[in-house]
Amino acid sequence: RPYLWPIKAVMCLGFIMMILQALSEFFKDVARIRGQEI
37 RPYLWPIKAV
47 MCLGFIMMIL
57 QALSEFFKDV
67 ARIRGQEI
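Here it is in C-alpha cells:
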C-alpha cells in the first residue's frame, strides 16, 4: 500500500492555490467594474 500523504498534500495545495486564483480574479473584476486601471 503506497503512502497517500504526498498525494493528499499536493491536492490540498492545489485547491488552496485555485481558491487564491479565484479570489484574485474576483478582485480584479471588481476593480475593473469600478473603472480603476490594473
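Residue numbers (the numbering used here): 37 to 74.
Think of the CB as a built atom: it goes at the ideal place given N, C-alpha and C, for glycine as much as any other residue.
Predicted model only: the values in this text are computed from it and were never measured.
(request) Determine the DSSP secondary structure at residue 37, reduced to helix, strand or coil. (result) Three-state DSSP puts residue 37 in coil, outside helix and strand.
(message) I need the straight-line Cα distance from residue 37 to residue 58, nearest angstrom please.
(response) A straight line joining the alpha-carbon of residue 37 with that of residue 58 spans about 35 Å.
(message) Going by DSSP in three states, residue 50 sits in which element: helix, strand or coil?
(response) Residue 50: helix per DSSP, three-state reduction.
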